[in-house]
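Heads up: the sequence shown begins at 1 in full-length UniProt numbering, then just goes up one per residue. All C-beta atoms, glycine included, are put in the ideal place defined by N, C-alpha and C. Note that the structure is predicted; figures quoted are calculated from it, not measured. Here is the structure we will look at.
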Amino acid sequence: MQNFVYLFIATVIVVIVVSVFSSILRKKNHCLTWVTGALLTVISFIVAVISYFTLDGWESMSFFFLFISVLVGSLFGTLVSKLQKSTSH
1 MQNFVYLFIA TVIVVIVVSV FSSILRKKNH CLTWVTGALL TVISFIVAVI SYFTLDGWES
61 MSFFFLFISV LVGSLFGTLV SKLQKSTSH
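Structure (structure tokens):
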């Protein structure tokens with residue numbers, strides 16, 4: 001249970017940092033909307049690889065599924081963002 005609390009706190013901190021980074025980036029350059037999704041995907045991939053080597057069994061598989069869900073979500077979010085920008089003109 002303690003690991004889930006740490007994971008929750010770390011996830012909240014990462015999402016806050018990436019959201020602030022994303023809003024700053026969007027103000028400066030509107031074409032780089034994919035950077036936020038790519039950053040979250042890379043972070044979750046690193047966590048999945050580290051957990052593969054440090055944890056065993058179901059724990060490492062859960063981080064792999066977390067990586068897959070972040071990857072799919074970021075790809076879908078980026079695609080929707082690109083489609084909204086192309087149809088809003």
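Beta-carbon gap between residue i and residue j smaller than 9 Å
i, j, result
"Phe64", "Ser74", "no"
"Val72", "Ser44", "no"
"Leu39", "Val5", "no"
Classification of residue i by the beta-carbon crowding that lies within 10 angstroms, buried from 16 upward
i, result
"Leu12", "Reading off the sequence, residue 12 comes out as Val, not Leu. So Val12 counts as exposed."
"Val47", "buried"
"Thr54", "exposed"
"Gly37", "buried"
"Phe67", "buried"
Residue i, DSSP secondary structure in three states
i, result
"Gly57", "coil"
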